[in-house]
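Participant: If you're matching them up, the sequences are chains A and B in order. Count along the first sequence from 1, add 708, and you get the number used in the working numbering. Count along the second sequence from 1, add 708, and you get the number used in the working numbering.
There are 2 protein chains.
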Amino acid sequence: MSRLLKLAQKFNCFYLNGLLKGDCRPFVVDGHQVGLVSQNVIEQLLKYPEVFHIRAPEHGKQNIVELNPAFRDYNTRSQQVDRILREFREQGMFVALKGWRDECYDVKSSVSGSLLKMDRSATCLFGVRNYGVEINGYVRHPTKGLCIWLQQRSDTKQTWPGKWDNMVSGGLAVGYGVHETAVKEAAEEASIPGHLIKNLVSAGCVSFFFESERGLFPNTEFVYDLELPEDFVPDNSDGEVQNFQLLPAHECLERVFEPDFKTTSCPVVIDFLIRHGIITPENEINFTQVIELLHVPLQSLYTYRTPTTPSAAATNGGNGSATTPNERQDLSGTISTNKSIENGKL
Amino acid sequence: MSRLLKLAQKFNCFYLNGLLKGDCRPFVVDGHQVGLVSQNVIEQLLKYPEVFHIRAPEHGKQNIVELNPAFRDYNTRSQQVDRILREFREQGMFVALKGWRDECYDVKSSVSGSLLKMDRSATCLFGVRNYGVEINGYVRHPTKGLCIWLQQRSDTKQTWPGKWDNMVSGGLAVGYGVHETAVKEAAEEASIPGHLIKNLVSAGCVSFFFESERGLFPNTEFVYDLELPEDFVPDNSDGEVQNFQLLPAHECLERVFEPDFKTTSCPVVIDFLIRHGIITPENEINFTQVIELLHVPLQSLYTYRTPTTPSAAATNGGNGSATTPNERQDLSGTISTNKSIENGKL
């Protein structure tokens, strides 16, 4: 197995290992699974039965964690969850909440759209899908060939302090579009001027499922490429970066194997190096496997549905049939939690 | 659902539908699953019990189709299978064999390497993974912007006659490397001269699982981009192409939705348009789903292993444990045939 495949397995450690153990439970809001919750988080949620219901579905053995279906709208759900997260934070309950951001991510289902918002530091406790934007800043250097700008994150950042990272990256906050976020972050993090950001090219996305001591990270990063002139030097304006460095592509590939590179930023570098002919079927023995692990089928993981609508469930209805024709269109990938296997849904 | 997602579901029709029905059986050679066989093929294979064993594994309900484990080497296996395929062909048994190519593909397992070779027209009967190479020939036109060369396949081609296709494409035949195949096909199909083929850039791969009346197509296409000068016109030299056309990128996107475009070549066009910023998160509502369906986890589908080595099986050994630590590294994707579910392997 190549070191690149080993690295791809590392940033997919939950996808390839944790997920298969089946210890996590679906997190269900308004009848739709929007995340996965591990046992240590469930233990704490049990203290708030008025907000989180731990219940067994009809005809199934696996518990699910359900946000009280009596919370019927976005604002109520967001406020109720926020209240408890702030209590956890005050109690110093989870490492993840030490990085409280005062910036919210939307929690969506593939069917219903936005169901609530949650501080971005907390989404990893609920295994909520994360969307971000990353920009590969590169230079076609006359003598060094293809070169890539990397940033070193500030030592004061809440997450991955001091680690090397892509030139520009940022989460998709509530209310911002994808391209809009890319342009905003390019200005904030690297002071890319307007006449250069015009060259920004959308280049796809990468998806992977990482787990750390903070929690679960089912991440999708929208990827942009930005060719920069040889004489341009990025300059940070928001205090989140302490250094920028321009590396020849081959040195950049070596850099991702070093421990001071942010693990969850490796996929975007690897994808760039694949798309630009640096990593090829000739020099990478696990070429197709690595590419597969840059695009794991995240939207197929969260397929659990409660058997009935919340209102019907309140009157103890439900026929145990968890699959509707509409759900099949979500099955654009694979697996599945244990629940799906027990139901024989696949 | 966008029309692009509908198209991605079309070229993944087996991945999203047929696979889930569980009607196909693992095709096992030397203890390793190398393919999937549908019921109509199994019915014919039953007539050759000296070559194909239809057997139930220990502790399982699902039949598997196993190549006689007494055939211990590459040449014996290749000859035995070839003999029967030629009988099928003479009997006019399968549509697929009408396109007999006299060109073989290797049948490999992810663990053991090449196990046998088989005429490329027959691999779809056994659901054997197919590897090909495709080249996007493009021009940065001063007035029309990004333009893409398409070829129209000859009306006399065995498969997809007369359909529109990528500028250059070809299967990975036994004995040829990936880059080598790309250069060879570029010369044969489009007469790309040496000074231009130097600009060929490896750009990744796409994987999808299509089914047609001919059989099953778990395809992986290694993708190359080739920028061409405005005044270059491809010219066919092997009689396999009847026309070339240069289309602005947006017209090329429209073309893939037309019925005269080869369905299994759409993924490469779509991947190109995504990588070059024509299809973006802003103009494609199912952006992440489409990208996922360009990279379905094919290497995770064929995980069935016979419980024992062929020699041990011959003495009726076997402990029923089908999963070894080594197999876990194949699980870079998803599911899986019904067999995996029955075994609770995931």
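The beta carbon of each residue, even a glycine, is placed where N, CA and C say it ideally should be. Keep in mind that this is a model prediction, so the values were computed, not measured.
Give the residues of chain B in contact with Glu886/A, contact being defined as C-beta atoms less than 9 Å apart.
Facilitator: Numbered from 1 along the first sequence, position 178 holds the residue referred to as residue 886/A. Note that residue 886/A corresponds to Val in the displayed sequence, not to Glu. Result: Thr988, Pro989, Glu990 and Phe995.
Participant: Check Gly840/B in the structure and name its three-state DSSP category.
Facilitator: Counting from one through the second sequence, the residue named residue 840/B turns up at place 132. Here Gly840/B sits in strand by DSSP.
Participant: Can you tell me whether DSSP reads Asp814/A as helix, strand or coil?
Facilitator: As a first step, residue 814/A is located in the first sequence; it is residue number 106 there, counting from the start. Correct three-state label for Asp814/A: strand.
Participant: Straight-line CA distance for Arg794/A to Lys806/A?
Facilitator: Here the question's residue 794/A lines up with position 86 in the first sequence. Here the question's residue 806/A lines up with position 98 in the first sequence. Looking at the two C-alpha atoms, the distance is approximately 11 Å.
Participant: Tell me which residue opens and which closes the beta strand (DSSP E) that Ala911/B is part of.
Facilitator: By 1-based counting over the second sequence, the position of residue 911/B is 203. Ala911/B -> beta strand (DSSP E) spans Val909 to Ser920.
Participant: When burial is assigned at 16 or more other CB atoms within 10 Å of the CB, is Met875/A buried or exposed?
Facilitator: As a first step, residue 875/A is located in the first sequence; it is residue number 167 there, counting from the start. Answer is buried; the Cβ neighbour count reaches 16.
Participant: Suppose you measure from the CA of Ser746/A to the CA of Val815/A; what does that come to, to the nearest Å?
Facilitator: Position 38 of the first sequence, counted from the start, is the residue given in the question as residue 746/A. Position 107 of the first sequence, counted from the start, is the residue given in the question as residue 815/A. Going by the C-alpha atoms only, they are around 18 Å apart.
Participant: In chain order, what residues of the segment 887-915 of chain B put their CB closer than 8 Å to some CB of chain A?
Facilitator: His887, Val909, Ser910, Ala911, Gly912, Cys913 and Ser915
Participant: Between the segment 939-949 of chain B and the segment 881-889 of chain B, are three or more C-beta pairs nearer than 8 Å?
Facilitator: no
Participant: Does any residue of chain A bring its CB to less than 8 Å from the CB of Phe930/B?
Facilitator: By one-based count along the second sequence, residue 930/B stands at place 222. Closer than 8 Å to some Cβ of chain A, the Cβ of Phe930/B qualifies, so yes.
Participant: Counting contacts by CB-CB distance shorter than 8 Å, is Glu919/B in contact with chain A?
Facilitator: Working through the second sequence from its first residue, we reach residue 919/B at position 211. No, its Cβ sits nowhere closer than 8 Å to a Cβ of chain A.
Participant: Could you confirm whether any beta carbon from chain B is found closer than 8 Å to the beta carbon of Lys1047/A?
Facilitator: Taking the first residue of the first sequence as 1, we reach residue 1047/A at position 339. Low confidence applies to Lys1047/A: its pLDDT is 30, below 50, so where it sits in the model is not reliable, and the reading given next is rough at best. Not one chain B Cβ lies under 8 Å of Lys1047/A.
Participant: Report the option in Glu948/A, Val964/A and Phe930/A whose CA atom is closest to the CA atom of Leu955/A.
Facilitator: Residue numbering aside, residue 955/A sits at position 247 when the first sequence is read from its first letter. Minimum Cα-Cα distance from Leu955/A among the listed residues Glu948/A, Val964/A and Phe930/A corresponds to Val964/A.
Participant: My assumption, with CB atoms under 8 Å, is that Trp857/A sits in contact with Phe952/A. Please give the rounded CB distance.
Facilitator: On the first sequence, residue 857/A is found 149 positions in, with the first residue counted as 1. On the first sequence, residue 952/A is found 244 positions in, with the first residue counted as 1. Their Cβ separation, rounded to whole angstroms, is 6 Å, which keeps Trp857/A and Phe952/A in contact under 8 Å.
Participant: Would you mind telling me which residues of chain B sit closer than 9 Å to Gln1007/A, beta carbon to beta carbon, in chain order?
Facilitator: On the first sequence, residue 1007/A is found 299 positions in, with the first residue counted as 1. Residues of chain B passing the Cβ test: Thr996, Gln997 and Glu1000.
Participant: Is there contact between the segment 828-837 of chain A and the segment 845-856 of chain A, where contact requires at least three CB pairs shorter than 8 Å?
Facilitator: Between the segment 828-837 of chain A and the segment 845-856 of chain A there are fewer than three C-beta pairs closer than 8 Å, too few to call the two in contact.
Participant: Please report how far the alpha carbon of Val736/A lies from the alpha carbon of Ala764/A, in whole angstroms.
Facilitator: Along the first sequence, one-based indexing puts residue 736/A at 28. Along the first sequence, one-based indexing puts residue 764/A at 56. Each residue's alpha carbon lies about 12 Å from the other.
Participant: What are the start and end residues of the alpha helix (DSSP H) that includes Gly853/B?
Facilitator: Residue 853/B sits at position 145 when you count from the first residue of the second sequence. Counting along the chain, Gly853/B falls outside any alpha helix (DSSP H), though it belongs to the beta strand (DSSP E) covering Gly853 to Arg861.
Participant: Is it right to say Gly840/B is buried, meaning 16 or more other beta carbons lie within 10 angstroms of its own, or is it exposed?
Facilitator: Locating residue 840/B in the second sequence gives position 132, where the first residue counts as 1. Label assigned to Gly840/B: buried.
Participant: Got a sec, what are the start and stop residues for the beta strand (DSSP E) Lys825/B sits in?
Facilitator: Reading the second sequence from its first residue, position 117 is the one you call residue 825/B. Counting along the chain, the beta strand (DSSP E) containing Lys825/B begins and ends at Gly821 to Asp827.
Participant: For Glu897/A, report the span of its alpha helix (DSSP H) as first-last.
Facilitator: By one-based count along the first sequence, residue 897/A stands at place 189. Start and end: Val886 to Ala898.
Participant: Which same chain residues, not among the five before or five after Ala716/A, have their C-beta less than 6 Å away from its C-beta?
Facilitator: Along the first sequence, one-based indexing puts residue 716/A at 8. Once the five neighbours on either side are set aside, the close Cβ partners of Ala716/A are Val998 and Leu1001.
Participant: Please confirm whether His958/B has its beta-carbon closer than 8 Å to some beta-carbon of chain A.
Facilitator: For the purposes of this step, residue 958/B is taken as the residue at position 250 of the second sequence. Chain A contact via Cβ: absent.
Participant: What is the rounded straight-line gap between the Cα of Tyr782/A and the Cα of Leu775/A?
Facilitator: Numbered from 1 along the first sequence, position 74 holds the residue referred to as residue 782/A. Numbered from 1 along the first sequence, position 67 holds the residue referred to as residue 775/A. Approximately 12 Å, taken between the alpha carbons.
Participant: What separation, rounded to the nearest whole angstrom, lies between the Cα atoms of Ala1020/B and Leu824/B?
Facilitator: Your numbering for residue 1020/B matches position 312 in the second sequence. Your numbering for residue 824/B matches position 116 in the second sequence. A caution first: Ala1020/B carries a pLDDT of 41, below 50, which makes its placement in the model unreliable, though a value can still be read off. If I take the Cα positions, the gap works out to 21 Å.
Participant: Consult DSSP for Asp738/A and reduce its assignment to one of helix, strand or coil.
Facilitator: Counting from 1 along the first sequence, the entry for residue 738/A is found at position 30. Note: Asp738/A maps to coil in three-state DSSP.
Participant: Does any residue of chain A bring its CB to less than 8 Å from the CB of Ile982/B?
Facilitator: Locating residue 982/B in the second sequence gives position 274, counting from the first residue. Cβ-Cβ to chain A under 8 Å: yes for Ile982/B.
Participant: Nearest-angstrom Cα distance between Glu798/A and Tyr756/A?
Facilitator: Reading the first sequence from its first residue, position 90 is the one you call residue 798/A. Reading the first sequence from its first residue, position 48 is the one you call residue 756/A. Looking at the two C-alpha atoms, the distance is approximately 16 Å.
Participant: Out of curiosity, what's the CA-to-CA distance linking Ile905/B and Ile987/B?
Facilitator: Numbered from 1 along the second sequence, position 197 holds the residue referred to as residue 905/B. Numbered from 1 along the second sequence, position 279 holds the residue referred to as residue 987/B. Cα-Cα distance, rounded: 27 Å.
Participant: Taking the alpha carbon of Gln950/B as the reference point, which residue from Ser862/B, Thr867/B, Gly923/B and His903/B has its own alpha carbon closest?
Facilitator: In the second sequence, residue 950/B corresponds to position 242, counting from 1. Measuring from the Cα of Gln950/B, the nearest candidate turns out to be Ser862/B.
Participant: Between which two residues does the beta strand (DSSP E) carrying Phe925/B extend?
Facilitator: Looking up residue 925/B in the second sequence gives position 217. Unbroken beta strand (DSSP E) run through Phe925/B: Gly923 to Glu935.
Participant: Using a Cβ-Cβ distance cut-off of 8 Å, determine whether Gly726/A contacts chain B.
Facilitator: As a working mapping, residue 726/A is identified with position 18 in the first sequence. No - not a single Cβ of chain B is within 8 Å of the one on Gly726/A.
Participant: Would His1003/B and His958/A qualify as a contact pair, given that the criterion is a beta-carbon distance under 8 Å?
Facilitator: Along the second sequence, one-based indexing puts residue 1003/B at 295. Along the first sequence, one-based indexing puts residue 958/A at 250. The answer is no: Cβ separation not under 8 Å.
Participant: How about Phe779/B and Thr972/B: are their beta carbons less than 8 Å apart?
Facilitator: In the second sequence, residue 779/B corresponds to position 71, counting from 1. In the second sequence, residue 972/B corresponds to position 264, counting from 1. No.
Participant: Strictly below 9 Å CB to CB, what residues from chain A border Gly835/B?
Facilitator: As a position in the second sequence, residue 835/B is number 127, starting the count at 1. Here the premise fails: no neighbours, minimum Cβ distance about 17 Å.
Participant: With distances taken Cα to Cα, identify the nearest neighbour of Ser817/A among Leu934/A, Pro734/A, Leu728/A and Lys871/A.
Facilitator: Here residue 817/A refers to the residue found at position 109 when the first sequence is read from its first residue. Comparing Cα-Cα distances from Ser817/A to each of Leu934/A, Pro734/A, Leu728/A and Lys871/A, the minimum goes to Pro734/A.
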